[in-house]
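**Q**
Protein chains: 2
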Amino acid sequence: MKKHEAAFKRSICPVANTLDILGDKWTLLVVRDLLLGKQTYSEFQKSEEGIPSNILAERLKRLQQAGIVEKRQYQQRPVRYAYSLTEMGRELGPVVRSMIMWANKYIPGTLSMEKIEELIAKNNA
Amino acid sequence: MKKHEAAFKRSICPVANTLDILGDKWTLLVVRDLLLGKQTYSEFQKSEEGIPSNILAERLKRLQQAGIVEKRQYQQRPVRYAYSLTEMGRELGPVVRSMIMWANKYIPGTLSMEKIEELIAKNNA
DNA sequence: GCTAGTAACTTGCAAAAAGCAAGTAACGAT
DNA sequence: ATCGTTACTTGCTTTTTGCAAGTTACTAGC
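If you read the sequences in order, they're chains A and B.
One point on numbering: in the working numbering, the residue at position 12 of the first sequence is 12, and numbering is uninterrupted.
One point on numbering: in the working numbering, the residue at position 52 of the second sequence is 177, and numbering is uninterrupted.
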């Protein structure tokens, strides 16, 4: 199913290596959700964009393998899991933030950084 | 072939909107090349990662439509084109730079920011 | 004039990834 | 016993990638 994917490097370029992990339409949205304080599978699924369930499961697995995300069971009966960012994952904050700044400047109708920070404050309150 | 792609928005999230334009394994590598001073189709093709020709053509078209890239004919006989970043495109610099910083910190074997800046200086000399 | 070479793409097709709906397992609540 | 929820998995269709080869326009060399 995955043959040897992680072994092969396209190049020594840091951008290419980053894209090998994050370069698709969904992965950074999961990271965004985690930065916003979301923790569970169903919370990710409820996000506005509607990530397909199989894609979400696969991305969470890949992010764990990459060392960006950690999964822990926080409850026995019923079994429940919480996902969170590792330090490596939290350090993607600047990447996400620079995208937000860019989009706010050039893509009309996107939610402003300020409103997003309000959301984060609310979620972590 | 493209039905109505640009019209539909997944959400008002700036990250999602950015990923709708840049969220794949190749697009930001083209932007990287442009930031490095590369200008022609064949220069992009010669990059280490080996982007497939049809993908490159399609991505350049999309980047133009998005207002990130401009194409101009700089010579008549034979016809030759030069691609360059618009202001909107140049402002992706921070996104690319934050990826470089992250990769340098967490992905071993990636070219350092310093070496990349030397490359840029050399290319633009 | 003929062949070779380069730039900038396009086309055809197989393989991989995405997307969708439905299904499953483990529980708790009614 | 049935319903609802969480956290996924499975099967299948559709879309996107990736690869090789082909095309057009032109220049240089013999």
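Ideal Cβ placement from N, Cα and C applies to all residues, glycine included.
Would you verify that the beta carbon of B/Val194 is, or is not, closer than 8 Å to some beta carbon of chain A?
**A** Not one chain A Cβ lies under 8 Å of B/Val194.
**Q** A/Ala16 and B/Glu174 look like a contact to me (Cβ under 8 Å); what is the Cβ gap, rounded to whole Å?
**A** Indeed they touch by this definition, with Cβ atoms about 5 Å apart.
**Q** What do you get for B/Tyr206, buried or exposed, if any count of 16 or more other CB atoms within 10 angstroms of its CB means buried?
**A** By the neighbour-count rule (16 or more Cβ atoms within 10 Å), B/Tyr206 is not buried but exposed.
**Q** Buried or exposed: which applies to B/Lys163, given that a residue is buried once 16 or more other Cβ atoms fall within 10 Å of its Cβ?
**A** B/Lys163 should be labelled buried.
**Q** Within 10 angstroms of its Cβ, does B/Val204 collect 16 or more other Cβ (buried), or is it exposed?
**A** Looking at its Cβ environment, which holds fewer than 16 other Cβ atoms inside 10 Å, B/Val204 is exposed.
**Q** Any contact of the region 59-66 of chain A with the region 185-192 of chain B, i.e. 3+ C-beta pairs under 8 Å?
**A** With a cut-off of 8 Å, the region 185-192 of chain B and the region 59-66 of chain A do not count as touching, because too few Cβ pairs lie within range.
**Q** Where does B/Val194 sit, in a helix, a strand or coil, going by DSSP?
**A** B/Val194 falls in the strand class under three-state DSSP.
**Q** Within the same chain, show all residues whose beta-carbon is closer than 6 Å to that of B/Arg135, passing over the 5 residues directly before and after it, in chain order.
**A** The answer, listed in chain order, is Ala141.
**Q** Residue range of the alpha helix (DSSP H) that B/Arg215 falls in?
**A** Run containing B/Arg215: Glu212 to Arg215, per the alpha helix (DSSP H) assignment.
**Q** A/Ser84 CB to nearest chain B CB: under 8 Å?
**A** With 8 Å as the cut-off, A/Ser84 does not count as an interface residue toward chain B.
**Q** Spell out whether any CB of chain A is found under 8 Å from the CB atom of B/Ile225.
**A** Yes, B/Ile225 lies at the interface with chain A (some Cβ there is under 8 Å from its Cβ).
**Q** Round the Cβ separation of A/Tyr83 and A/Leu34 to the nearest angstrom and send it over; I've been treating them as touching at under 8 Å.
**A** Contact holds; Cβ gap of about 7 Å.
**Q** The alpha helix (DSSP H) spanning A/Leu28 covers which residue range?
**A** Thr27 to Leu35 is the extent of the alpha helix (DSSP H) around A/Leu28.
**Q** Does the beta carbon of B/Gly162 sit closer than 8 Å to a beta carbon anywhere in chain A?
**A** No, because no Cβ of chain A sits closer than 8 Å to the Cβ of B/Gly162.
**Q** Counting only beta-carbon atoms, is B/Val220 nearer than 8 Å to chain A?
**A** Chain A contact via Cβ: present.
**Q** How long is the line joining the alpha carbons of B/Leu236 and B/Leu161, rounded to whole angstroms?
**A** The alpha-carbon atoms of B/Leu236 and B/Leu161 are separated by roughly 14 Å.
**Q** What's the gap between the Cα of B/Ile180 and the Cα of B/Lys196?
**A** Using only the alpha carbons, I get a separation of about 17 Å.
**Q** Thinking A/Pro94 and B/Ile225 are a contact (beta carbons under 8 Å), I'd like their distance in whole angstroms, please.
**A** With 8 Å as the limit, A/Pro94 and B/Ile225 do not qualify as a contact, their Cβ atoms being about 11 Å apart.
**Q** Use the C-beta contact count for B/Gly214: other C-beta atoms within 10 angstroms, 16 or more gives buried, fewer gives exposed.
**A** B/Gly214 comes out buried.
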